[in-house]
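Residue numbers (the UniProt record's numbering): 1 to 406. Each residue gets a CB set at the ideal place from its N, CA and C atoms; glycine is no exception.
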């Protein structure tokens with residue numbers, strides 16, 4: 001009697017086995033080679049049908065950064081409102097208007113894309129709870145992904161453009177004060193904010209009218225412009241425009257801050273020379289312009305320089321990686337699957353670094369104010385306060401003696 005075994009791996013088994021020899025078949029079964037069997041394993045099925053498991057620390061970190069960013073921006077906006085009421089009719093008002101627009105953009109950019117990301121995190125977690133059903137992975141709905149991607153592009157590009165506008169405004173105020181007082185007004189700054197926001201909104205809205213596209217990015221918890229795989233001309237152009245505008249804004253901020261810093265340094269050196277001459281001939285010189293107005297310039301430059309450095313550190317990796325990926329595709333290069341996955345991880349790391357820009361910006365404004373810097377300076381150099389008090393008392397006493405002599 002012959003027993004025929006019909007299995008997909010029949011090339012590795014004996015086609016026919018006699019009935020009396022069945023124990024020997026059982027004896028030799030452990031020696032059979034199943035590695036070449038085309039049957040899919042359970043691990044393979046799980047890997048192809050289920051999305052990668054959500055990382056709980058990553059989900060918790062997203063909630064933490066979203067909450068911290070919201071509270072930080074609200075606190076900075078409260079402090080800014082008091083400063084704007086005090087300086088609304090002075091030269092600092094246009095700068096404060098730009099700072100307010102930046103903080104509002106950071107606040108909205110922290111909450112709106114954060115809410116989209118949390119929704120995708122929770123949806124992915126729910127799909128893993130029903131993993132036993134072997135259901136197919138469902139990507140975010142088309143319109144949801146489009147809105148998520150548009151929000152990331154808009155709230156990513158807007159702060160960079162506003163930061164460059166702040167740098168240009170300060171550069172003109174320090175190097176060309178007369179031209180600044182004639183051209184830079186609060187009304188003009190409102191128009192500049194509107195134009196820059198419209199530019200960012202235009203770029204973010206192009207994929208919504210089928211010019212380019214937004215796609216789900218690794219690991220399935222965010223949507224952005226298509227930067228991986230085959231790219232159309234519109235996709236490549238949009239991605240390069242986004243990264244190009246961002247890098248241009250950062251470069252312009254660095255150049256303007258450098259020019260402003262050199263101008264302040266030159267004014268500082270010249271004021272020291274005047275102060276030296278004043279001690280030699282007290283009656284010939286009055287007080288220099290280094291007091292309130294120069295102090296405001298230094299404060300604003302300190303805030304602006306810190307904001308620019310934070311933006312460069314947070315945004316440069318993301319913008320440069322997008323430019324390199326699109327440039328590699330335009331040159332016809334196609335990497336292996338391992339290389340593609342590594343590039344996806346780098347882009348994800350760059351995005352996480354960029355999100356911290358919206359958290360650090362308000363703290364730059366909160367900490368680098370004159371009141372805070374003065375207290376820090378007094379803590380670091382406690383003798384300066386007593387020296388200042390003694391000098392002021394001596395000056396008052398000498399004035400009284402002079403009055404008594406008259």
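Range covered by the alpha helix (DSSP H) that runs through residue i
i, result
"residue 175", "142 to 175"
"residue 210", "Premise fails: residue 210 is in no alpha helix (DSSP H) and is neither H nor E."
"residue 381", "That residue, residue 381, is in no alpha helix (DSSP H); it is neither H nor E in DSSP."
"residue 411", "Since the first residue of the chain shown is 1 and the last is 406, residue 411 is not available in this structure."
Residue i, buried or exposed, once every other Cβ within 10 Å from all chains shown has been counted against 16
i, result
"residue 90", "exposed"
"residue 377", "exposed"
"residue 106", "buried"
"residue 365", "buried"
"residue 329", "buried"
"residue 230", "exposed"
"residue 193", "buried"
"residue 67", "exposed"
"residue 78", "exposed"
"residue 272", "exposed"
"residue 158", "buried"
"residue 121", "buried"
"residue 210", "exposed"
"residue 165", "buried"
"residue 189", "buried"
"residue 332", "exposed"
"residue 380", "exposed"
"residue 342", "exposed"
"residue 147", "buried"
"residue 206", "buried"
"residue 196", "buried"
"residue 358", "buried"
Minimum C-alpha distance to residue i - residue among the options
i, options, result
"residue 345", "381, 222 and 249", "222"
"residue 113", "325, 149, 310 and 188", "149"
"residue 198", "62, 217 and 155", "155"
"residue 217", "61, 347 and 375", "347"
"residue 249", "379, 153, 168 and 101", "168"
"residue 98", "80, 110 and 108", "80"
"residue 310", "160, 324 and 179", "160"
"residue 184", "323, 74, 351 and 95", "95"
"residue 349", "374, 363 and 322", "322"
"residue 180", "92, 340, 76 and 369", "92"
"residue 361", "83, 60 and 109", "109"
"residue 266", "65, 246 and 298", "298"
Enclosing beta strand (DSSP E) for residue i [first to last residue]
i, result
"residue 225", "222 to 225"
"residue 217", "214 to 217"
Cβ pair residue i, residue j closer than 8 angstroms
i, j, result
"residue 412", "residue 243", "Residue 412 lies beyond the stretch modelled for the chain, which goes from 1 to 406, so this question has no answer here."
"residue 356", "residue 312", "no"
"residue 353", "residue 317", "yes"
"residue 367", "residue 308", "no"
"residue 214", "residue 225", "yes"
"residue 163", "residue 104", "no"
"residue 182", "residue 326", "no"
"residue 204", "residue 153", "yes"
"residue 72", "residue 118", "no"
Check: residue i C-beta below 7 angstroms from any heavy atom of the ligand HEM
i, result
"residue 192", "Absent from the structure shown: the ligand HEM. Ligands present: none."
- Task: Examine the Cβ distances between the region 233 to 241 and the region 292 to 311 and report whether three or more of them are shorter than 8 angstroms.
- Result: Fewer than three Cβ pairs drawn from the region 233 to 241 and the region 292 to 311 lie within less than 8 angstroms of each other, which leaves the two stretches out of contact.
- Message: Check whether the region 168 to 179 and the region 249 to 269 are in contact - that is, three or more C-beta pairs closer than 8 angstroms.
- Response: The answer is yes - the region 249 to 269 touches the region 168 to 179, with three or more Cβ pairs under 8 angstroms.
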